[in-house]
Amino acid sequence: MASQKATKTPVSRLLTVGEVGLRAGIASSAVRYYEDLGMLKSVRTPYGHRRYHNDVLRRIGFIRTAQLVGLSLNDIAEALASLPEERTPTARDWEVLATSWQPRIDEQIAVLQRLRDQLGDCIGCGCLSLESCGLWNPDDAAAKEWGRGPHYLMRDDRPAGVKRAPVQAGARSAGPDPKTARS
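Structure follows, in structure tokens:
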């Protein structure tokens, strides 16, 4: 579903889908897919071929960057819909959009930091399962409180009384201490 964008640029000076893909570093099918999702706009030649204004390159750059920080295509499409269609978005337009995403990006950073900080303990333990882990999730407390899933990674809090349990004598072995083990 291609939308017509009011243009004074002759169709012959607009970019083909292949040229957009080449310049943006993505497949032509991705260009068409982004357009189908409403994130890009094209004009049609008399023969029905798609042509794009140069500003789609900036939009594609934004789409790819937003995907890198973990935002969904639906979220990206919603954000791009807030940009003006009658003109190329200005730096101020992009700034407003970026500012609106600041809390979401901060949340993503916090999740990645928790992953970084907790991953060593999980790998050192050897069980690699937050469901059965005696260190981070004794008695499967997270599932009882919130259901299945990586809740300790996604949350800063734990259920009341749930603390990191020490490995007890006779409990399943967590393997050698990675800090003191020799290779």
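The numbering of the sequence shown is our numbering, which starts it at 12 and goes up by one. Here a beta-carbon is modelled for each residue, glycine too, at the ideal position from N, C-alpha and C. None of these values were measured; they are calculated from a predicted model.
Item, Value
"Buried or exposed (CB count within 10 angstroms, at least 16 for buried), H60", "exposed"
"DSSP three-state assignment for Y45, whether helix, strand or coil", "helix"
"T27 (DSSP reduced to helix, strand or coil)", "strand"
"D104 versus L51: straight-line alpha-carbon distance, rounded", "16 Å"
"Alpha-carbon spacing of R70 relative to Y58, whole angstroms", "26 Å"
"Backbone secondary structure at R61 - three-state DSSP", "strand"
"For V54, the three-state DSSP class (helix, strand or coil)", "strand"
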